[in-house]
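Chains as they are written, first to last, in this note's numbering: chain A, 118 to 443; chain B, 55 to 481; chain C, 8 to 398. Cβ coordinates follow ideal geometry from the N, Cα and C atoms, glycine included. One structure is given below, encoded as structure tokens.
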Amino acid sequence: MPEALSILPQVIVDGLVVGFLYAVVALGYTMVYGVLEFINFAHSEIFMFGAFAAFEMLMLLQGAGFLATLPPLIALVATVIVAMAVSGGLGWTVERIAYRPLRGAPRLVPLISAIGVSFFLQDFARVIWTAARGNYQLTVPNLISGTIGPWKIGSLPINVMIPISALIIMVASVLMMVGLIWFVNRTKVGKAMRAVAQDRPTASLMGINVNKIISLTFILGGGLGGAAGALFAVRYGAINPYIGFILGMKAFTAAVFGGIGSLAGAVVGGLSLGVLEAIVTAYLGPLTGDILKGPEYKDIFAFVILILILVLKPAGLFGKATSEKV
Amino acid sequence: MTQLRKLYSQLVGLFQSRRTAPAASILLTVLTGLMQVLVPQSGFSILFTLVAIYVVAHANVHTVTKVVLAVIPLLVAVPIAGRDNFALMPLMVQLCIYVALALGLNLVVGFAGLLDLGYIAFFAGGAYVYAIFASGQAAKFLPWFAEHAPTGLGGWWFWAAIPIALAVAALLGIALGLPVLRMRGDYLAIVTLGFGEVIQVISRNLDHPLNITGGAPGIAPIKYPFFFGIPAEYNGIAVYMVALVFATLTAMAMMRLEQSRLGRAWAAMREDDIAARAMGVPLVKMKLMAFATGASFSGAMGMLFAVKQQFINPDTFGFMESIGILSMIILGGLGSIRGVIVGAAAVTLLRFQFLRDLSDLFAGAGLPPALDITKYQPLIFGLILIVMMIYRKEGLVPATRPQIDVDNLGAPVPKPASSTQGKALGQ
Amino acid sequence: MKKILASVLSATMLLALAGCSTGSGSKNGQTIAVKLPSVSPLSGGQSTLGTAIANGVKLAIADKSEELKKLGVELKEFPQDDQAEPTQGTTIANRLISDKEVFAVIGTLNSGVAKTIAPVLMPEHVAMVSPANTGVSLTESGYTNYNRIVARDDFQGPAAARATKETLKAKSVYVLHDKTEYGQGLAGEYAKEAKKIGLDVKGEEGLNPKDTDFSALLTKVLQTSPDAIFYGGIYDTASLLFKQATDKGYKGAYLGGDGLDSKDIVDKSGEAANQVYYTSVADNFYGSAEGKKFFDKYKAKFNSNPDTYALYGYDAALVAIEGIAKWVKANPGKTPTRADIEKAIRETKDVKGMTGTISFDAKGDNPNAKVYLFQIKNKTYPGVSVAGYSK
Chain A
118 MPEALSILPQ
128 VIVDGLVVGF
138 LYAVVALGYT
148 MVYGVLEFIN
158 FAHSEIFMFG
168 AFAAFEMLML
178 LQGAGFLATL
188 PPLIALVATV
198 IVAMAVSGGL
208 GWTVERIAYR
218 PLRGAPRLVP
228 LISAIGVSFF
238 LQDFARVIWT
248 AARGNYQLTV
258 PNLISGTIGP
268 WKIGSLPINV
278 MIPISALIIM
288 VASVLMMVGL
298 IWFVNRTKVG
308 KAMRAVAQDR
318 PTASLMGINV
328 NKIISLTFIL
338 GGGLGGAAGA
348 LFAVRYGAIN
358 PYIGFILGMK
368 AFTAAVFGGI
378 GSLAGAVVGG
388 LSLGVLEAIV
398 TAYLGPLTGD
408 ILKGPEYKDI
418 FAFVILILIL
428 VLKPAGLFGK
438 ATSEKV
Chain B
55 MTQLRKLYSQ
65 LVGLFQSRRT
75 APAASILLTV
85 LTGLMQVLVP
95 QSGFSILFTL
105 VAIYVVAHAN
115 VHTVTKVVLA
125 VIPLLVAVPI
135 AGRDNFALMP
145 LMVQLCIYVA
155 LALGLNLVVG
165 FAGLLDLGYI
175 AFFAGGAYVY
185 AIFASGQAAK
195 FLPWFAEHAP
205 TGLGGWWFWA
215 AIPIALAVAA
225 LLGIALGLPV
235 LRMRGDYLAI
245 VTLGFGEVIQ
255 VISRNLDHPL
265 NITGGAPGIA
275 PIKYPFFFGI
285 PAEYNGIAVY
295 MVALVFATLT
305 AMAMMRLEQS
315 RLGRAWAAMR
325 EDDIAARAMG
335 VPLVKMKLMA
345 FATGASFSGA
355 MGMLFAVKQQ
365 FINPDTFGFM
375 ESIGILSMII
385 LGGLGSIRGV
395 IVGAAAVTLL
405 RFQFLRDLSD
415 LFAGAGLPPA
425 LDITKYQPLI
435 FGLILIVMMI
445 YRKEGLVPAT
455 RPQIDVDNLG
465 APVPKPASST
475 QGKALGQ
Chain C
8 MKKILASVLS
18 ATMLLALAGC
28 STGSGSKNGQ
38 TIAVKLPSVS
48 PLSGGQSTLG
58 TAIANGVKLA
68 IADKSEELKK
78 LGVELKEFPQ
88 DDQAEPTQGT
98 TIANRLISDK
108 EVFAVIGTLN
118 SGVAKTIAPV
128 LMPEHVAMVS
138 PANTGVSLTE
148 SGYTNYNRIV
158 ARDDFQGPAA
168 ARATKETLKA
178 KSVYVLHDKT
188 EYGQGLAGEY
198 AKEAKKIGLD
208 VKGEEGLNPK
218 DTDFSALLTK
228 VLQTSPDAIF
238 YGGIYDTASL
248 LFKQATDKGY
258 KGAYLGGDGL
268 DSKDIVDKSG
278 EAANQVYYTS
288 VADNFYGSAE
298 GKKFFDKYKA
308 KFNSNPDTYA
318 LYGYDAALVA
328 IEGIAKWVKA
338 NPGKTPTRAD
348 IEKAIRETKD
358 VKGMTGTISF
368 DAKGDNPNAK
378 VYLFQIKNKT
388 YPGVSVAGYS
398 K
């Protein structure tokens with residue numbers, strides 16, 4: 118079916134955009150997991166607060182008239198920085214209040230606490246923005262619009278185009294990932310972080326302030342989530358307190374897919390999940406004679422493939438298979 | 055404060071002393087029973103009734119007395135109160151369903167140590183098995199039904215469906231268990247979560263090409279089961295009785311399972327799977343057994359849920375419901391049967407009674423929209439979860455381990471004296 | 008043991024602070040106390056819509072309470088949060104029938120919740136007036152207490168299909184929906200009629216309304232280059248979908264049902280807004296003087312713009328209140344039973360509401376309902392009424 122194949126490049130591009138978002142959010146999960154071996158269930162809500170912070174920042178800029186005069190790129194950078202700060206702070210606060218007192222408790226205890234935080238933050242955002250703006254479903258001021266392309270690939274009947282806002286997500290994600298990987302692998306603090314991840318008591322004996330490093334992890338993870346939230350708000354133009362849930366679930370899947378705890382794994386996991394979903398959306402219907410419709414089953418196909426990969430490689434794509442010493 | 059504590063310890067003593075305990079227990083049961091009948095509308099009536107049962111169950115009285123004192127309020131006072139307070143019976147059925155569900159999940163998570171975030175999938179399986187054939191749904195894809203039973207099978211189907219639902223849920227449990235045998239911890243969590251999603255998406259989309267599950271609109275109306283000779287207007291009470299029996303049977307099964315060879319194998323696997331394997335525990339078999347057994351309880355409860363609701367749709371079986379049940383068992387005390395029961399009852403009462411009471415209290419007060427308490431239920435629930443975890447990590451009723459006296463192997467030592475636990479009281 | 012008791016007791020005390028029994032009504036003298044509950048999601052992802060319904064009901068009660076006081080009826084608001092969960096719906100319904108002051112219920116938003124509530128309320132003769140359920144089956148199931156003021160899917164969907172052919176002059180259409188009972192039901196009826204009148208239906212697919220990125224789906228949809236895209240669902244997802252389609256260069260028309268009838272469809276769709284058509288039973292409401300008054304009143308009271316569901320909530324409450332008033336006027340000095348009110352509401356004739364004239368037929372449907380096609384022009388809401396369809 119050459120006609121159906123002609124949309125394949127566009128479908129892959131569509132999937133990549135979503136995949137980059139998954140990847141950035143997945144980094145937040147994987148960082149916290151790497152250090153604490155704990156699923157920060159509330160990360161999706163920290164992401165969501167980033168989006169709301171970005172919204173408030175853009176409203177502020179708009180109110181002051183800067184939005185029209187400032188170059189969009191500068192406004193965008195300012196917005197992303199504000200969102201990172203808010204979400205990083207929130208990540209820190211959540212860790213201090215809801216997770217730190219539970220360190221050393223059985224593993225499920227902080228998980229439940231995190232679920233509580235997630236409930237609380239979701240509803241809190243709803244209550245606050247309903248009070249402040251009359252509605253919690255917010256329309257984000259338009260910052261960047263327009264599309265690049267369509268490019269033609271040779272003489273083939275193929276057109277590829279990409280919205281500028283989607284391109285920004287891709288570029289920003291790459292920058293953040295590279296920055297993070299550099300930070301963790303090349304700086305002294307990053308080294309301390311890896312030490313804490315590997316063996317907390319020993320790291321502490323080596324003079325590393327474990328509490329500080331854990332706090333820093335949450336600030337960094339939260340900051341990444343916040344940046345993703347801001348990019349999300351700018352790209353899609355509509356936010357509500359529930360945007361984090363599905364995205365968080367997908368991102369977590371992506372993190373596990375790539376091997377949780379591995380930064381590169383989160384990136385690869387996110388991108389492949391995004392592309393996979395896009396391909397299933399577009400091609401499942403034609404392949405099954407419309408018995409299974411792509412957009413309806415894409416969520417479970419992603420999971421089925423995840424399960425298959427985990428069955429073959431139980432530690433994920435990039436995870437190290439650890440054999441336990443007895 | 056000291057005065058209060060004194061009063062409290064006197065109260066406790068009242069139920070612990072062999073001399074006063076029977077009288078105190080009977081008095082408490084009668085008082086709460088009276089309250090239940092006289093003030094049927096209040097959520098406190100049912101709360102006190104349940105608390106009384108709990109206290110009596112721990113009082114220093116004969117087991118037969120305990121059973122009698124538990125049965126009377128549940129079988130007499132509650133149904134009488136239910137004639138005035140229509141919400142009471144459905145509340146109690148829901149409570150029984152959640153208790154049994156929580157116990158079933160506790161088997162997987164608490165006993166065997168396998169984190170399951172998609173437990174509701176088995177519940178959905180049981181609900182759909184019953185509902186499809188107890189309504190007009192079956193006629194939509196099976197010609198035989200369209201001809202012979204256009205509105206579904208008769209009320210007897212409930213009883214026939216019990217083993218089928220158990221089997222279907224157990225099979226689903228094995229279907230989930232097989233691929234995750236090699237996985238641990240968080241990989242397990244994500245795959246079970248995905249499994250829950252898969253079941254929900256399938257139930258939402260299996261309305262084409264064949265309309266099996268009814269799709270998004272779901273299945274309604276679902277028939278009541280046939281109760282031998284009981285007139286139809288007592289259906290509500292009959293369902294309540296069945297729910298009580300189901301929940302009790304589940305609790306008893308759990309107690310037996312925990313002490314059984316199987317239960318001990320699970321505990322060994324949970325604590326250290328490598329050591330367990332070294333000691334000859336067949337891990338693969340044990341894991342599959344845990345998933346299958348836990349799932350089958352969920353399936354039976356799903357049937358009951360379909361009966362109670364008379365309507366099911368895919369939205370009912372979402373991820374949040376799985377999380378809700380998980381929070382019940384953690385809140386109550388992971389691995390502790392009593393704790394899980396308390397946790398399930400507490401969350402159910404909170405969500406379906408007290409948070410509602412709270413909002414109704416302010417419903418007519420004309421509060422400004424931002425302060426409208428009717429809308430704060432998830433927020434309050436979230437806060438309770440956090441606070442509970444910070445201040446009571448082990449749950450309301452922590453699990454206790456039977457301790458083995460090495461010199462006298464085989465004979466479990468009586469539970470640790472309450473004075474050691476009492477120390478934590480004032481903190 | 009002590010520890011356990013301590014926790015039990017402290018939990019009880021905590022609850023004692025929070026809870027309280029629901030008071031049963033006392034009818035002193037001539038005043039008949041009537042609670043008019045609204046049942047809709049007030050928390051969670053659908054609470055914008057649910058709150059609009061609850062607010063509409065509150066506004067109707069505020070508007071009418073003076074008039075009813077003169078008749079000896081004291082109206083009270085009693086909003087209930089169903090959290091869009093059928094299980095919570097059962098609980099609410101059972102609590103409501105236990106409350107002697109409840110005669111009629113306004114709700115629900117979700118058909119799923121309605122299906123659990125209606126059978127519980129029916130044996131107790133508590134009437135229900137739905138501001139939002141469009142699923143066909145609800146008034147075909149023989150519920151004597153269930154009424155609705157909105158158009159059924161099998162009326163609105165075909166009307167939209169005819170509009171696609173006659174007004175939009177489209178030859179082909181791609182049908183999408185959100186896999187909810189509302190969206191799928193509407194889209195299904197639309198597609199059925201569209202095929203019947205000779206439109207080329209290029210495809211029919213459900214999407215997950217919780218997603219935000221529909222690019223891959225749209226790539227596939229736009230490859231078939233349909234003249235119009237029909238979406239069965241609610242405006243929040245619709246605006247994302249339309250915006251992303253326009254980003255991809257789609258120039259055709261977007262079409263949807265009353266779920267799109269909201270100011271947000273304009274605010275959130277960006278440039279795509281000007282391609283949007285939607286159908287609704289409310290004819291150019293905000294253009295009228297009455298509509299402007301309603302808008303201002305609502306804004307003053309709740310500090311937000313009214314959603315269309317606020318109008319429906321208002322009208323549903325209006326019908327219920329008129330039913331009560333009519334009975335009390337006809338039977339002065341008497342206290343109605345629930346069955347009386349149930350009957351009075353079912354016999355509603357020509358009540359002038361915000362969205363049009365409302366009557367109920369024997370099944371509880373509104374036979375007057377007319378469906379209008381609106382087109383959004385110059386990115387302003389509401390759209391311009393371009394065609395009308397009656398049954």
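Chain C partners of residue i, CB-CB under 7 angstroms?
i, result
"residue 270/B", "186, 187, 188 and 191"
Give every residue of the same chain whose Cβ lies closer than 8 angstroms to the Cβ of residue i, excluding the five residues on either side of it in the sequence, and list them in chain order.
i, result
"residue 256/C", "229"
"residue 127/B", "83, 86, 87, 90, 103, 106 and 107"
Assign residue i to one of two classes, buried (16 or more other C-beta atoms within 10 Å of its C-beta) or exposed (fewer than that).
i, result
"residue 76/C", "exposed"
"residue 68/B", "buried"
"residue 445/B", "exposed"
"residue 367/A", "buried"
"residue 288/B", "exposed"
"residue 66/C", "buried"
"residue 194/A", "exposed"
"residue 186/C", "buried"
"residue 357/C", "exposed"
"residue 365/B", "buried"
Under 7 angstroms between beta-carbons, which chain A residues line up against residue i? List them in chain order, please.
i, result
"residue 286/C", "Result: empty, since nearest Cβ-Cβ is about 22 angstroms, beyond 7 angstroms."
"residue 217/C", "363"
"residue 310/B", "Simply none; closest approach about 25 angstroms."
Only counting the same chain, and skipping five residues up and downstream in sequence, which positions put a Cβ closer than 6 angstroms to that of residue i?
i, result
"residue 177/C", "171, 234 and 235"
"residue 179/A", "258"
"residue 263/A", "281"
Please compile the residues from chain A whose C-beta is within a distance smaller than 9 angstroms of the C-beta of residue i.
i, result
"residue 233/B", "424, 425, 427 and 428"
"residue 246/C", "256, 354 and 355"
"residue 145/C", "Within 9 angstroms Cβ-Cβ: nothing; residue 145/C doesn't reach chain A, min ~24 angstroms."
By the criterion of Cβ-Cβ separation under 8 angstroms, what are the contact partners of residue i in chain B?
i, result
"residue 52/C", "Ordered by position in chain B, no residue passes the 8 angstroms Cβ test against residue 52/C, which lies about 11 angstroms from the chain."
Which chain A residues are close to residue i, counting only those with a beta carbon under 8 angstroms from its beta carbon?
i, result
"residue 263/B", "408"
Near residue i, which residues of its chain fall below 7 angstroms by C-beta distance, leaving aside the five closest residues on each side in sequence?
i, result
"residue 396/A", "128 and 132"
"residue 62/B", "none"
With three or more beta-carbon pairs closer than 8 angstroms as the criterion, would you say the region 386-406 of chain A touches the region 186-193 of chain C? no
Could you run through the region 150-166 of chain C and flag, in chain order, every residue whose CB is less than 8 angstroms away from some CB of chain B? none
Exercise. Are there three or more Cβ pairs, one per stretch, closer than 8 angstroms when the region 67-81 of chain C is compared with the region 126-144 of chain C?
Worked result: no
Counting beta carbon pairs with one atom in the region 342-353 of chain C and one in the region 123-138 of chain C, are three or more of them shorter than 8 angstroms?
yes
If we count Cβ pairs, one from each stretch, closer than 8 angstroms, do we get three or more for the region 138-147 of chain B versus the region 90-99 of chain B? yes
### Query
When you check each C-beta in the region 135-148 of chain B against every C-beta of chain C, which residues fall closer than 9 angstroms?
138, 139, 140, 141, 142, 143, 144, 145 and 148
Q. For the region 171-201 of chain A, which residues have a CB atom closer than 9 angstroms to at least one CB atom of chain B, in sequence order?
A. none
Worksheet item: Using a beta-carbon distance cut-off of less than 9 angstroms, what residues from the region 278-305 of chain A approach chain C?
Response: 278, 280, 282 and 283
With contact counted as at least three CB pairs below 8 angstroms, one residue from each stretch, are the region 207-219 of chain C and the region 325-333 of chain A in contact? no
ask   = If contact means a Cβ-Cβ distance below 9 angstroms, which residues of the region 304-337 of chain C contact chain B?
value = 308, 309, 310 and 311
Requested in this report: For the region 91-114 of chain C, enumerate the residues whose C-beta is nearer than 8 angstroms to any C-beta of chain B, in chain order.
Outcome: 91, 92, 93, 94, 95, 97, 98, 99, 101, 102, 104 and 105
inquiry  = Is it the case that the region 360-380 of chain A contacts the region 152-168 of chain A, given that we only count it when at least three CB pairs across the two stretches are under 8 angstroms?
reply    = yes
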